[in-house]
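Numbering of the sequence shown is given in our numbering, commencing with residue 166 and proceeding in unit increments. Virtual Cβ for every residue (Gly too), placed ideally from N, Cα, C. Everything on this sheet refers to the single structure shown next.
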Amino acid sequence: MKITVLTGAGVSAESGLGTFRDKDGLWTKYDLEEVATPQGFARNPGLVHDFYNARRANCMQAMPNAAHDALARLEEVSAHNVTLITQNVDDLHERAGSQTVIHMHGALMQATCAVCRATWAAPLTMAPDDLCPDCAAPATRPDIVWFGEVPYHMDQIAEAVSNADLFVAIGTSAEVYPAAGLVELAQGRTLEINLAPSAQANAFEDHLIGPATKVVPNWVAGLL
Ligand code: APR
């Protein structure tokens, strides 16, 4: 069976990385216009680098949880053909052993140049006067897709969702497009695994409600 999985911040919540729109979520503490838009970066690159430097440090201290581990197991040991797409910018899926992770919103551990778009492994901390290793412009930025920018790998993602026998969304509020609209492309069965019904819950045929570290391992066990 071809299974396509889309994860959101809820899959990393129990690793301590928090989410965006829950109580105490990141967007209750920071103004996303200031730290997650190209305009915010142009206005105050130092503030944006500080924000992502802190998230990068948190990410390095966090550990993958049972949900990340279960998804890696699904890919590794099952006979199913699994495609894992994530909205998350942490590397917990990779550190749990997932081999191919499609980061549609970019990756905290990757840096890019705003001028030449070269990419490289991000240093622990980035600053506005860092020079691009390729073109030497003082224009380095986290390789994150900000609001108003085009998510990565959308053709590959659309194909993986539309060709799937089963499309599963895990730990996402389905508030942000195009990720929130992917369920509309699904031709096979659809399953939402979440702590609470998302904004797109009605578009899914099946639902499993509960914390990802409990529900995802049980769901994967049923497939192995
Ligand atoms: N287990 C399962 N689901 C959980 C858990 C948990 N332990 N904790 C929270 N959730 C669910 C919440 O119910 C919510 O529906 O995870 C979802 C998190 O929603 P958001 O905070 O909106 O995160 P996400 O959907 O990933 O946001 C999408 O928005 O800000 C942008 O680029 C950012 O990728 C992000 C995108």
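Check: Contact the region 166–182 vs the region 245–257: 3+ CB pairs below 8 Å; Outcome: yes
Check: DSSP-derived helix/strand/coil call for ASN230; Outcome: coil
Check: Reference ALA361; option with closest CA among THR202, ALA279, VAL380 and MET274; Outcome: VAL380
Check: ALA329 versus THR337, VAL348 and SER338, residue with shortest Cα-Cα distance; Outcome: VAL348
Check: Within the region 274–348, ranges of the alpha helix (DSSP H) (whole runs, at least 4 residues); Outcome: 319–327
Check: Supposed contact pair PRO303 and ALA283 - C-beta distance, whole angstroms, cut 8 Å; Outcome: Actually they are not in contact, since the Cβ atoms of ALA283 and PRO303 sit about 14 Å apart, beyond 8 Å.
Check: GLN275: CB within 6 Å of a non-hydrogen atom of ligand 1; Outcome: no
Check: Assumed close pair LEU273, ARG306 - CB separation to whole angstroms, cut-off 8 Å; Outcome: Actually they are not in contact, since the Cβ atoms of LEU273 and ARG306 sit about 12 Å apart, beyond 8 Å.
Check: Simplified DSSP state of ARG186, which is helix, strand or coil; Outcome: coil
Check: ILE168 vs VAL254 beta-carbon contact at 7 Å; Outcome: no
Check: Sequence-distant residues of its chain with Cβ nearer than 7 Å to VAL213 (five each side left out); Outcome: VAL200, GLY205 and PHE206
Check: Beta-carbon separation (whole angstroms), GLY313 vs LEU331, contact threshold 8 Å; Outcome: Actually they do not touch by this definition, with Cβ atoms about 32 Å apart.
Check: Contact under 7 Å by Cβ, ASN230 with SER263; Outcome: no
Check: Span of the beta strand (DSSP E), counted from its first residue to its last, around HIS258; Outcome: Where HIS258 is concerned, there is no enclosing beta strand (DSSP E), although the alpha helix (DSSP H) it sits in stretches over 257–261.
Check: Span of the alpha helix (DSSP H), counted from its first residue to its last, around GLU199; Outcome: 197–200
Check: Separation of VAL341 from TRP192, as counted between CA atoms; Outcome: 13 Å
Check: Cβ-Cβ separation, VAL385 to ILE358 (assumed contact under 8 Å), whole Å; Outcome: Not quite, the Cβ-Cβ distance comes to about 10 Å (not below 8 Å), so this is no contact.
Check: Cα-Cα separation, ALA364 to SER338; Outcome: 6 Å
Check: ALA232 classed as buried or exposed, judged by whether at least 16 other C-beta atoms fall within 10 angstroms; Outcome: buried
Check: Whole-number beta carbon distance between MET166 and HIS245, since they are thought to touch under 8 Å; Outcome: 5 Å
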